[in-house]
Amino acid sequence: MFSLFIKNKKFFITAWSIFFIGFLINLIWENVQAPLYKDFITQPNHFFICFQASFIDALIILIFYAILVLLHKDLFWTQKIKKEDLFLLVLVGFVVSVWIEKRALAAFRWKYGIDMPLLPFIDVALTPDFQMIVLPVATFWLVNYLIKKYNKNIN
């Protein structure tokens, strides 16, 4: 089955596009929200931290894609996203982001600044949760849009 993935050029283009676009939009998001964290000094000082976080965020989005590939048994499920897919992405994105935030806070990897909006009752930041809910969906939509546009220009 793995050889099927390797031989499928369209799959590789889709997967790399998801990773690359997911990385870029997360890099923007991470840098915009960076001042909301405690001990933020300047953008240049935090860029590498944001770069690393964006790389991990893009991998998480790729894992979301892979999970739905397995559920749908379809490498190109993103071309026909259903309401159920969106619900699952939102739910899993929220759970994953809360888990990451709780672990990072407990390990003192980061702290929130006074301007960081918090979710009531669970005391984690709103912006990273919103990020992991919105950006995977935005990534899949943008990749589909670009691939359709590319295919249209070729034909």
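Be aware that the sequence shown starts at 0, since it is given in numbering that gives the first Met the number 0, and climbs by one per residue.
Ideal placement from N, C-alpha and C gives every residue a C-beta, glycine not left out.
Proximity below 8 Å, CB of residue i to CB of residue j
i, j, result
"Phe93", "Ser53", "no"
"Tyr186", "Tyr111", "The requested residue 186 does not occur in the structure, where the chain is confined to residues 0 to 154."
"Ile146", "Ser16", "yes"
"Gln78", "Asn143", "yes"
"Val123", "Glu100", "yes"
Separation of residue j from residue i, as counted between CA atoms
i, j, result
"Ile60", "Phe107", "25 Å"
"Met0", "Ile12", "Residue confidence for Met0 is low, a pLDDT of 49 falling below 50, so the modelled location carries little weight; the figure read from the coordinates is stated next. Their backbone Cα atoms lie some 18 Å apart in a straight line."
"Leu85", "Val136", "7 Å"
"Leu134", "Asn25", "7 Å"
"Leu125", "Ile113", "13 Å"
"Ile80", "Leu87", "11 Å"
"Lys9", "Lys148", "14 Å"
"Leu70", "Asn7", "19 Å"
"Lys72", "Leu90", "20 Å"
"Ser96", "Leu141", "22 Å"
"Lys82", "Leu118", "25 Å"
"Ala105", "Trp98", "11 Å"
"Phe47", "Phe39", "13 Å"
"Ala103", "Phe75", "34 Å"
Residue i burial status per 10 Å Cβ neighbour count (16 or more: buried)
i, result
"Ala33", "buried"
"Ile20", "buried"
"Asp56", "buried"
"Phe139", "buried"
Residue i - containing alpha helix (DSSP H), residue span
i, result
"Thr13", "8-32"
"Ala65", "42-71"
"Ile121", "Where Ile121 is concerned, there is no enclosing alpha helix (DSSP H), given that its DSSP letter is neither H nor E."
"Ala106", "No alpha helix (DSSP H) holds Ala106; DSSP gives it neither H nor E."
Any chain B beta carbon closer than 8 Å to residue i
i, result
"Gln51", "In the structure shown, chain B does not exist; there is a single protein chain."
Between the region 121-134 and the region 21-32, do three or more beta carbon pairs fall short of 8 Å? yes
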